[in-house]
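What follows is one structure encoded as structure tokens, with my remarks underneath.
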Amino acid sequence: MSKESVPAVVDTREPVEVAALVAEHEEVDGVEREELAAADIVFGTVGVERKTIDDYVASIEDGRITEQIEKLADAFETAYILIDGDLVESEQLWQSGMSPASVRGHIASTTARENGIEAVIPCSSTELLVDLGVRLARKHVEDPSRSYVPSPDITGRDADVTTQMYACLPGVGPKTAAALAERWPSMTAFVSDVDWEALQRVDGIGEETAASILTALSGGEDAEA
Numbered sequence: 137m138s139k140e141s142v143p144a145v146v147d148t149r150e151p152v153e154v155a156a157l158v159a160e161h162e163e164v165d166g167v168e169r170e171e172l173a174a175a176d177i178v179f180g181t182v183g184v185e186r187k188t189i190d191d192y193v194a195s196i197e198d199g200r201i202t203e204q205i206e207k208l209a210d211a212f213e214t215a216y217i218l219i220d221g222d223l224v225e226s227e228q229l230w231q232s233g234m235s236p237a238s239v240r241g242h243i244a245s246t247t248a249r250e251n252g253i254e255a256v257i258p259c260s261s262t263e264l265l266v267d268l269g270v271r272l273a274r275k276h277v278e279d280p281s282r283s284y285v286p287s288p289d290i291t292g293r294d295a296d297v298t299t300q301m302y303a304c305l306p307g308v309g310p311k312t313a314a315a316l317a318e319r320w321p322s323m324t325a326f327v328s329d330v331d332w333e334a335l336q337r338v339d340g341i342g343e344e345t346a347a348s349i350l351t352a353l354s355g356g357e358d359a360e361a
């Protein structure tokens, strides 16, 4: 069965390189450039806010991220924030004094909340970000009734995105992330149900890691046993 192709609109304020990558994607059926009131790229009916990691960190610091999420939710039935860049390479992150764990916790908690957008997903390159945006839009075309978060991860390999989000938490590696996903199949269930004792029943999580996870989820406030 042939794959669905999607039309795309790229905001005129986006770099030419981004528009070129969208136009070159084999599953994109035509690209227009126009100034968008919300989102940076629209794939079909799916709005995508492309954020560099520095901009994402800055928007957390000054509170713009909340307003931007509201604008996305108002403009699109389905919307995502895709982060273009690597936390390790973020100059803004280190200048701000914000830890990578805090940013990962923000990503996880934003994804878990019902705030009008589907997910915040880190991508390690602009090329992967574009490919992920196309795949998201195509899946929503194929099954519009389903809340769908696709499989491509930030390395370009296929993996469950919920597991990816767990892997963003401090002290959590691939095996522990998989164990968390088995215990809590969705981030919504995790955030609403998780506590100190439940975390420590998961293979690979000790007291220190449990405390780090709970601290990240609480926005940096120290967790108590």
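First residue of the sequence shown? That's 137 in my numbering, and the numbers climb one at a time after it. Idealized CB from N, CA, C, for every residue including glycine. Quick caveat, the model's predicted, so the values are computed rather than measured.
**OP:** Per DSSP, which residues does Y216 bridge with? Please list them.
**Re:** Y216 is bridged to V184 and A255.
Subject >> Same chain, Cβ closer than 7 Å to V158, neighbours up to 5 away in sequence not counted >> reply: Closer than 7 Å at the Cβ level, and outside the excluded window around V158, lie A144, V146, V164, V167, I177 and V266.
Subject >> Alpha carbon of T351 to alpha carbon of D339, nearest angstrom >> reply: T351 and D339 have their C-alpha atoms spaced approximately 19 Å apart.
**OP:** Output the boundary residues of the beta strand (DSSP E) element that contains G166.
**Re:** For G166, the enclosing beta strand (DSSP E) begins and ends at V164 to E170.
Original post:
If you draw a straight line from the alpha carbon of A273 to that of V184, how long is it in whole angstroms?
Top reply: Going from the Cα of A273 to the Cα of V184 covers about 10 Å.
Original post:
In three-state terms, what does DSSP make of D331?
Top reply: Of the three classes helix, strand and coil, the one that applies to D331 here is coil, per DSSP.
Original post:
Just checking my contact of L305 with A244 at CB under 8 Å: how many whole Å lie between their CB atoms?
Top reply: So it is a contact: roughly 6 Å between Cβ atoms.
Original post:
If you count every other CB in all the chains shown that lies within 10 Å of the CB of T247, and 16 or more means buried, which is it?
Top reply: It is buried - the Cβ of T247 has at least 16 other Cβ atoms within 10 Å.
**OP:** Kindly indicate which three-state DSSP category P308 falls into: helix, strand or coil?
**Re:** According to the sequence provided, residue 308 is Val. The question's Pro does not apply to it. In the displayed model, V308 falls within coil according to three-state DSSP, outside both helix and strand.
**OP:** Give every residue of the same chain whose Cβ lies closer than 7 Å to the Cβ of E250, excluding the five residues on either side of it in the sequence, and list them in chain order.
**Re:** Once the five neighbours on either side are set aside, E250 has no close Cβ partner at all.
**OP:** Look up R293 in the DSSP assignment and say whether it is helix, strand or coil.
**Re:** Note on R293: pLDDT 37, under 50, position unreliable in the model; no value is reported.
**OP:** Determine, using beta carbons only, whether I201 and G221 come nearer to each other than 8 Å.
**Re:** In this structure, G221 does not lie closer than 8 Å to I201 by Cβ.
Original post:
To the nearest angstrom, how far is it from the Cα of E318 to the Cα of R186?
Top reply: Distance between the alpha carbons of E318 and R186 is about 30 Å.
Original post:
Would you say I257 and A215 are within 8 Å of each other, going by their C-beta atoms?
Top reply: No, Cβ-Cβ distance for I257 and A215 is not below 8 Å.
Original post:
In three-state DSSP terms, what is D147?
Top reply: Three-state result, D147: strand.
Original post:
So, helix, strand or coil for I177, using DSSP?
Top reply: Three-state DSSP puts I177 in a strand.
**OP:** Output yes or no for whether 8 Å exceeds the beta carbon distance between Q307 and T262.
**Re:** Here residue 307 turns out to be Gly, not Gln, going by the sequence shown. No, the Cβ-Cβ distance between G307 and T262 is not below 8 Å.
Subject >> Option nearest D331 by Cα separation, candidates L353, L264, F179 and A155 >> reply: For the residues L353, L264, F179 and A155, the minimum Cα distance to D331 belongs to L353.
**OP:** Verify whether the separation of the beta carbon atoms of V193 and S235 is less than 8 Å.
**Re:** No, Cβ-Cβ distance for V193 and S235 is not below 8 Å.
Subject >> Whole-angstrom C-beta distance between V270 and V152, which should lie under 8 Å >> reply: The Cβ separation is near 19 Å, so there is no contact.
Original post:
Based on the DSSP secondary-structure assignment, which residues constitute the bridge partners of V142?
Top reply: Beta-bridge pairing links V142 to V164.
Subject >> Element boundaries [alpha helix (DSSP H), containing D267] >> reply: Per DSSP, the continuous alpha helix (DSSP H) segment holding D267 begins and ends at T262 to E278.
Subject >> Exposed unless 16 or more other CB atoms sit within 10 angstroms - verdict on S328 >> reply: Counting Cβ neighbours within 10 Å, S328 comes out exposed, since fewer than 16 surround it.
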